[in-house]
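In full-length UniProt numbering, the protein residues as written are 1 to 119. The structure under discussion appears below in the form of structure tokens.
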């Protein structure tokens, strides 16, 4: 069972081709109900195949509350997030976070950035 979500102009501007809610996988004879609903967002990559058609990227998520545009933008910004955590681990010598609260993480990053200045 699937339900197509309507696309807005901002979704189309972000490269979203299709947005579908999924609750069941398989063929009509062999179906399996999913434990939780999923969402399939098809996004244009901008690259073209040999036959001239646009190569799509299929993203599957359980974030039903976000707009399709935000899902596409979050995927495109993922490399920036990866680089930030690499910088945090390598340059600041933070192998793992000591706290899971916002204040604890803020303090650890502040301490890691200010310790080279003090020494």
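The beta carbon of each residue, even a glycine, is placed where N, CA and C say it ideally should be.
Delimiting residues of the beta strand (DSSP E) encompassing residue i
i	result
residue 61	54-61
residue 125	Outside the modelled stretch of the chain, which goes from 1 to 119, sits residue 125, for which no answer is possible.
Which listed residue (the options) has its alpha carbon closest to that of residue i
i	options	result
residue 14	64, 51 and 73	73
residue 65	6, 7 and 39	39
residue 19	114, 101, 67 and 50	67
residue 22	78, 3 and 92	3
Nonlocal neighbours in the same chain, by C-beta distance under 7 Å from residue i, ignoring five residues either side
i	result
residue 47	55
Closer than 8 Å: residue i CB and nearest the ligand HEM heavy atom
i	result
residue 24	Among the components of this structure there are no ligands whatsoever, and the ligand HEM is therefore not found.
Neighbourhood of residue i by C-beta distance below 6 Å, restricted to the same chain and skipping five residues each side
i	result
residue 58	42
Contacts around residue i, its chain only, beta-carbon distance under 8 Å, and the 5 residues preceding and following it disregarded
i	result
residue 94	88, 108, 109 and 112
Residue i in three-state terms, based on DSSP
i	result
residue 15	coil
residue 49	coil
residue 100	coil
Endpoints, alpha helix (DSSP H) assigned at residue i
i	result
residue 88	78-90
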